[in-house]
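Q: Quick one: structure below, then a few questions.
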Amino acid sequence: MPDADTLIQHYLEGTLTDAEAEELHTLLQNDSQLGSKLLQHFEMDAMLRATKPLAVTGKVIQPALVPRRRFTFATVTTVAAMAACITLMGAWLAMSWLQNDEEDTTASVAVLTRGVNLEWESAAIAPGTPLSPGLLKLKSGIAQIEFYQGARVLIEGPAELQLISSGEATCTRGKLSANVPPQAKGFRINTPKGSIVDLGTEFGLDVSDASAEVHVFKGEVELHKAAESMKSLKEGQAMAFAAESQMLPANLSNFASLSDLDSRTAVSDRTQLDRWRAASDQLNADPALKLHFNFQDADSSRSLRNHAPHGEDGSIVGASWTTGRWPGKGALEFRNVSDRVRLSAPNEVKALTLAMWVRINGLDRYFNSLFMSESWGERRIHWQIVRDGRIRLGIAGGPGQHHQDCDTEVFFTPERFGRWMHLAVVFDPQAKEVRHYANGSLLAKIALKDPSPLKPGIAELGNWNDRRTTGVAIRHLSGTMDEFALWDRVLSEVEIKAMGR
113 MPDADTLIQH YLEGTLTDAE AEELHTLLQN DSQLGSKLLQ HFEMDAMLRA TKPLAVTGKV
173 IQPALVPRRR FTFATVTTVA AMAACITLMG AWLAMSWLQN DEEDTTASVA VLTRGVNLEW
233 ESAAIAPGTP LSPGLLKLKS GIAQIEFYQG ARVLIEGPAE LQLISSGEAT CTRGKLSANV
293 PPQAKGFRIN TPKGSIVDLG TEFGLDVSDA SAEVHVFKGE VELHKAAESM KSLKEGQAMA
353 FAAESQMLPA NLSNFASLSD LDSRTAVSDR TQLDRWRAAS DQLNADPALK LHFNFQDADS
413 SRSLRNHAPH GEDGSIVGAS WTTGRWPGKG ALEFRNVSDR VRLSAPNEVK ALTLAMWVRI
473 NGLDRYFNSL FMSESWGERR IHWQIVRDGR IRLGIAGGPG QHHQDCDTEV FFTPERFGRW
533 MHLAVVFDPQ AKEVRHYANG SLLAKIALKD PSPLKPGIAE LGNWNDRRTT GVAIRHLSGT
593 MDEFALWDRV LSEVEIKAMG R
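524 is the number that my numbering gives to position 412 of the sequence shown; each next residue is one higher, with no gaps.
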């Protein structure tokens, strides 16, 4: 009796006998792997039958010339068995997919949308960070927080704000002003002296050890104090409530406003941009710097100037110009499969440091390119983000040797999307390790299996080219980049921390 592959081929050709059909039926019942193999044969057969006729040396080759299948009772029985196997296999795969592809969740209830001159007593938080319930302690500066229910709150340091839910917080110290649209009606702020329930309005709150003052600028709020009846405050009214309550006129000038935040932000942005320019000039003087793109080229430019002492400019393909970390700072946005920057990195380096400022919008592909050598093999490198959020430096082996993937733990979770991040990676042959950094902090150390020189060569930012004419893997970045640098030396943790501020 023929083997399973021959039986399947006979079925596809329409020459399967009744005895062979019974044998194939038995094999399908006894071999769980055969159903998968059968499905692969079906897919190939369907593809060949869909192929258009090909003219070869004056003749026409027709896939349709494959004999029409004969269907006896036995073959129908076999097909039914095959269908049952395939259906069961498909159901099993679907269940596995559902179990392994659960939706991401978040505990966040608000987001820090803007901030100026922020100095934190609690853990430092950058604008764009989603906020989970917990205590925020702001030493100085102004922070704008938008609650998921819709309320917008400005807090002025020094202040302490405990986030409770998307519609509630507790202020134990400091000043805040709140804008509560109709969709957020019922937004609640608690204080040690009582609670304020907003009915869709704008108000200010000043909390000290002695008392709490609430000032209503628009609309109406309710004051709730233990053992006392609810009090209502309307536009233009204010109240200091402690041991005894006292009515006051509302004082808008005593609280930070959006215009204050705008003006202070503009001054801060100019200061940071000037500071960055000075640091860039110092950076460019390093003889070990081989590539430095600061993305300050003209909006019409399709090349990136290399500010390193020696080296070639980069070539922009597809990517479009946009605003970077601050107004006046240029950046490139990568969105499409075509978007990339082609560049010439050193052909060989004994040590290497890569650094960039990037804002990731999402991890849409399994491999999301940061900096990738063209093609693969012969000690080339691929710096990328894996779909699950790990940052990876892939190092190809030499002839006959295996590659090494140097991965961090999961770093890019959805909460970090849309925020500017400074990423760096160091290839240190003396220490025989790869080190990953994010925002100046060490993420991971990975022991090197092979510390021999790397050969980055022709490479791309935000994409990858493997030199094949067809079927190139899609690895383009979904995000924005506004600075990139490459050194053929090991940068210290102090140097990387200074760049990541």
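Glycine included, each C-beta is placed from N, C-alpha and C at the ideal position.
Counting Cβ pairs closer than 8 Å, one from the stretch 366 to 373 and one from the stretch 342 to 357, do we hit at least three?
A: The stretch 366 to 373, when compared against the stretch 342 to 357, does not touch it at the 8 Å Cβ threshold.
Q: Taking only the alpha-carbon atoms, compute the straight-line gap between residue 293 and residue 264 and give it to the nearest angstrom.
A: 9 Å
Q: Decide yes or no for the touch test of the stretch 301 to 308 against the stretch 263 to 283: beta carbon pairs closer than 8 Å, at least 3 of them.
A: yes
Q: Between the alpha carbons of residue 520 and residue 549, how many angstroms are there, rounded?
A: 9 Å
Q: Short check: CB of residue 328 to CB of residue 378, under 7 Å?
A: no
Q: Rounding to the nearest angstrom, what Cα-Cα distance links residue 120 and residue 138 in this structure?
A: 13 Å
Q: Express the C-alpha separation of residue 443 and residue 457 in angstroms, rounding to a whole number.
A: 20 Å
Q: Quick one: is residue 358 buried, meaning 16 or more other Cβ sit within 10 Å of its Cβ, or exposed?
A: That one is exposed.
Q: Enumerate in chain order the residues of its own chain whose CB-to-CB distance from residue 385 is below 7 Å, with the five nearest sequence positions on each side excluded.
A: 438, 440 and 441
Q: Just verifying my parser: in three-state terms, what is the DSSP assignment at residue 611?
A: helix
Q: Quick one: measure Cβ to Cβ for residue 275 and residue 245, integer angstroms, because I've assumed they're closer than 8 Å.
A: 5 Å
Q: With DSSP collapsed to three states, give me the class of residue 128.
A: Annotated three-state conformation of residue 128 is coil, per DSSP.
Q: How many Å lie between residue 70 and residue 595 at the Cα?
A: Outside the modelled stretch of the chain, which goes from 113 to 613, sits residue 70, for which no answer is possible.
Q: Using a Cβ-Cβ cutoff of less than 8 Å, which residues in the same chain neighbour residue 572 once the five nearest sequence positions on both sides are dropped?
A: 452, 453, 454, 455, 481, 483, 484 and 486
Q: Classify residue 454 as helix, strand or coil using the three-state DSSP reduction.
A: Residue 454: strand per DSSP, three-state reduction.
Q: Assuming residue 256 is part of the beta strand (DSSP E), what are its boundary residues?
A: 246 to 259
Q: Helix, strand or coil for residue 266? Go by DSSP, reduced to three states.
A: Residue 266: strand per DSSP, three-state reduction.
Q: Can you give me the C-alpha to C-alpha distance between residue 176 and residue 524, rounded to a whole angstrom?
A: Bear in mind that a pLDDT of 37 at residue 176, under 50, signals an unreliable position, so the model cannot answer this.
Q: Could you check whether the stretch 586 to 595 touches the stretch 397 to 413, counting it as contact only if at least three pairs of C-beta atoms, one from each stretch, sit closer than 8 Å?
A: yes
Q: Assuming contact is defined by CB atoms lying nearer than 7 Å, are residue 446 and residue 588 in contact in what I supplied?
A: yes
Q: So, are the CB atoms of residue 565 and residue 402 less than 7 Å apart?
A: no
Q: Which full runs of the beta strand (DSSP E) of 3+ residues lie inside the stretch 408 to 474, going along the chain?
A: The stretch 408 to 474 is shown to contain whole beta strand (DSSP E) runs of 3 or more residues at 426 to 429, 432 to 435, 442 to 446, 452 to 456 and 464 to 472, in chain order.
Q: At least one CB of chain D closer than 7 Å to the CB of residue 351: is that the case?
A: Given the protein chain composition of this structure (a single chain), no chain D is represented.
Q: Using a Cβ-Cβ cutoff of less than 8 Å, which residues in the same chain neighbour residue 659 once the five nearest sequence positions on both sides are dropped?
A: No answer is possible for residue 659: the residues shown for the chain start at 113 and end at 613.
Q: Alpha carbons only, please: which of 576, 567, 553 and 540 is nearest the one belonging to residue 559?
A: Of the residues 576, 567, 553 and 540, the one whose Cα lies closest to the Cα of residue 559 is 540.
Q: On the DSSP letters alone, give me the boundaries of the alpha helix (DSSP H) that residue 341 sits inside.
A: Run containing residue 341: none; DSSP gives neither H nor E here.
Q: If you drop the 5 nearest sequence neighbours on each side, which residues of the same chain put their C-beta closer than 8 Å to that of residue 352?
A: 323, 324, 325, 358 and 360
Q: Cβ of residue 270 within 7 Å of Cβ of residue 286?
A: For residue 270 and residue 286, yes; Cβs fall inside 7 Å.
Q: Is the beta carbon of residue 400 closer than 7 Å to that of residue 600?
A: yes
Q: In three-state DSSP terms, what is residue 288?
A: DSSP, reduced to helix, strand and coil, places residue 288 within a strand of the structure shown.
Q: Got a sec, what are the start and stop residues for the beta strand (DSSP E) residue 388 sits in?
A: Element bounds for residue 388: not the beta strand (DSSP E) but the alpha helix (DSSP H), 370 to 395.
Q: Would you give the residue range spanned by the beta strand (DSSP E) that residue 540 belongs to?
A: 532 to 540
Q: Can you name, in chain order, every residue of its own chain whose Cβ lies under 7 Å from the Cβ of residue 466, other than the five neighbours on each side?
A: 483, 495, 536, 537 and 598
Q: Going straight from the alpha carbon of residue 531 to that of residue 338, what length do you get?
A: 42 Å
Q: How far does the beta strand (DSSP E) with residue 519 in it reach, from first residue to last?
A: 516 to 522
Q: Over the uninterrupted beta strand (DSSP E) stretch that includes residue 559, give me the two end residues.
A: 553 to 559
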